[in-house]
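S.K.: First, the structure itself, so that you have it in front of you.
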Amino acid sequence: MSNTKPFLSIEKQIDLLRSRGLIIPDDQYDTAKDFLLNNNYYRVSGYTLTMRNRNTFTANASLDKLIQIYEADRQMRQAMLSIIEVIEVRLKSMLAYYHCKKHGPTGYLDVNNFYCTTRGKINIKTIDNYLYITRKAASQKNAMIESEPFIKHHKENKNDVLPFWVYVEILTLSDISKLYSILDIETKKNIAVQLGFKHSNGHKILENLLHCVTILRNISAHGGRLYNRLFTRKPRLSRREKSLLLTTEDGDIVNDKLFSYILVLKSLTNPNDFQSIKEQLIFIIEDYPLIDIIQYGFPENWRDIL
Numbered sequence: 012m013s014n015t016k017p018f019l020s021i022e023k024q025i026d027l028l029r030s031r032g033l034i035i036p037d038d039q040y041d042t043a044k045d046f047l048l049n050n051n052y053y054r055v056s057g058y059t060l061t062m063r064n065r066n067t068f069t070a071n072a073s074l075d076k077l078i079q080i081y082e083a084d085r086q087m088r089q090a091m092l093s094i095i096e097v098i099e100v101r102l103k104s105m106l107a108y109y110h111c112k113k114h115g116p117t118g119y120l121d122v123n124n125f126y127c128t129t130r131g132k133i134n135i136k137t138i139d140n141y142l143y144i145t146r147k148a149a150s151q152k153n154a155m156i157e158s159e160p161f162i163k164h165h166k167e168n169k170n171d172v173l174p175f176w177v178y179v180e181i182l183t184l185s186d187i188s189k190l191y192s193i194l195d196i197e198t199k200k201n202i203a204v205q206l207g208f209k210h211s212n213g214h215k216i217l218e219n220l221l222h223c224v225t226i227l228r229n230i231s232a233h234g235g236r237l238y239n240r241l242f243t244r245k246p247r248l249s250r251r252e253k254s255l256l257l258t259t260e261d262g263d264i265v266n267d268k269l270f271s272y273i274l275v276l277k278s279l280t281n282p283n284d285f286q287s288i289k290e291q292l293i294f295i296i297e298d299y300p301l302i303d304i305i306q307y308g309f310p311e312n313w314r315d316i317l
């Protein structure tokens, strides 16, 4: 026998929310119906976690607050994606430049030009990542051939061989992150230094941060919830950056919420480009006063920090 919960009409969903204490005035009944019909009760319920204890809403929990949290989070995702796009373009450019400088325009076609051996032994993880990226890119290239003139041009006039600075344009941010992780150490360090990570372990820190950006990008691009989200991958921040983070009453650093990831974005972005995301964040927080920015890990002085 199935344990699946029974289907509830929109009207029954509203009745259920009201019975649990969510304030939905009669004059907002149609608003509630429209909101639930367009956004899925199950999805919306994730945004009520900070407004209730188990199935009972707190005294001030209201439809207005729920909608503000939901809409603010949607705009927060858009803000994240806008700056991640800038970072992605920057990384692709540097990856292509420094790899081609050392290995030539088509050096990426030879797996030996990546970090293939560890202490004289074949690095299976590198080989697996390389094959995954190249196979995925080949499929993507075939799918894009009619819509992207640059791919069609190289197929018809260049024996279907793309120089690396063209090849990177068909890679996703996830591909770029994986590709960086398997670069030879010299190329890794060159890119890391160019991005401001000049410490001897800067390339390892950058590898971690790129993974974090990829996680944030995927969550944001697929409509995932950022509000009150705990990220399982914690970014490798500097001691100074950690000192800027929100701390709990017990003195623990909050390094697993969105704000720590925003510091990652800042570290990978030119100041002028990052200014745009700061302006977007100010707009979101001022436009939706009912949201609790602590749920994003924002400290009180976040404007000064950013």
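The working numbering puts the first residue of the sequence shown at 12, with every later residue one more than the last. We put the beta carbon where it would ideally sit given N, CA and C, even for glycine. Computed from a prediction, not measured in an experiment: that's the story for all the values here.
1) If you compare alpha carbons, which of VAL204, GLN86, MET155, ARG251 is closest to TYR178?
2) What are the partner residues of PHE68, as DSSP defines its beta bridges?
3) Pick out the complete beta strand (DSSP E) segments inside the region 19–102, 3 residues or longer, and give them in chain order.
4) Taking 8 Å as the threshold (C-beta atoms), are PHE242 and ILE226 in contact?
5) Whose C-alpha, out of ASN49, LEU74, ARG31, is nearest the C-alpha of ASP38?
6) Quickly, what does DSSP pair ARG132 with across the bridge? List them, please.
7) Is GLU22 close to the ligand HEM? I mean its beta-carbon at under 7 Å from any heavy atom of the ligand.
8) Under the rule that 16 or more other beta-carbon atoms within 10 Å means buried, what is SER188, buried or exposed?
9) Pick out whichever of ILE288, SER278, ARG250, HIS110 has its Cα sitting closest to the Cα of ASN201.
10) For ILE156, name the three-state secondary structure that DSSP assigns.
11) Would you call the region 80–87 and the region 290–302 in contact, with 3 or more CB pairs under 8 Å?
12) Indicate whether the contact test is met: 3 or more Cβ pairs, each with one atom in the region 141–151 and one in the region 46–66, closer than 8 Å.
13) Nearest to LEU194 by alpha carbon, out of THR67, ALA107, TYR53?
14) Nearest-angstrom Cα distance between LYS209 and ASP186?
15) Hey, is the region 221–240 in contact with the region 137–147, meaning 3+ C-beta pairs nearer than 8 Å?
16) Classify ASN266 as buried or exposed, calling it buried when 16 or more other Cβ atoms lie within 10 Å of its own Cβ.
17) Is it buried or exposed for THR280, if we count other Cβ within 10 angstroms and need 16 for buried?
M.R.: Let's see:
1) As a working note, residue 178 is residue 167 in the sequence shown. Minimum Cα distance to TYR178 is reached at MET155.
2) Stepping through the sequence shown from its first residue, residue 68 is reached at position 57. ARG63.
3) none
4) For the purposes of this step, residue 226 is taken as the residue at position 215 of the sequence shown. For the purposes of this step, residue 242 is taken as the residue at position 231 of the sequence shown. Yes, the pair counts as a contact, with Cβ atoms nearer than the cut-off.
5) As a working note, residue 38 is residue 27 in the sequence shown. With distances taken between Cα atoms, ASP38 lies closest to LEU74.
6) Numbered from its first residue, the sequence shown carries residue 132 at position 121. Checking the sequence, you will find Lys at residue 132 rather than Arg. According to DSSP, LYS132 bridges with THR129.
7) With respect to the ligand HEM, the structure offers nothing, as it holds no ligand at all.
8) Within the sequence shown, residue 188 is the residue found at index 177, counting from 1. The residue in question, SER188, is buried, as its Cβ has 16 or more Cβ neighbours within 10 Å.
9) As a working mapping, residue 201 is identified with position 190 in the sequence shown. Nearest of ILE288, SER278, ARG250, HIS110 to ASN201, Cα basis: HIS110.
10) Along the sequence shown, one-based indexing puts residue 156 at 145. Coil at ILE156, not helix or strand.
11) yes
12) no
13) Counting from 1 along the sequence shown, the entry for residue 194 is found at position 183. With distances taken between Cα atoms, LEU194 lies closest to ALA107.
14) On the sequence shown, position 198 is the one that residue 209 refers to. On the sequence shown, position 175 is the one that residue 186 refers to. In a straight line, the C-alpha of LYS209 is about 24 Å away from that of ASP186.
15) no
16) The count along the sequence shown starts at 1 and reaches residue 266 at position 255. With 16 or more other Cβ atoms within 10 Å, it is buried.
17) Counting from one through the sequence shown, the residue named residue 280 turns up at place 269. By the 10 Å Cβ count, THR280 comes out buried.
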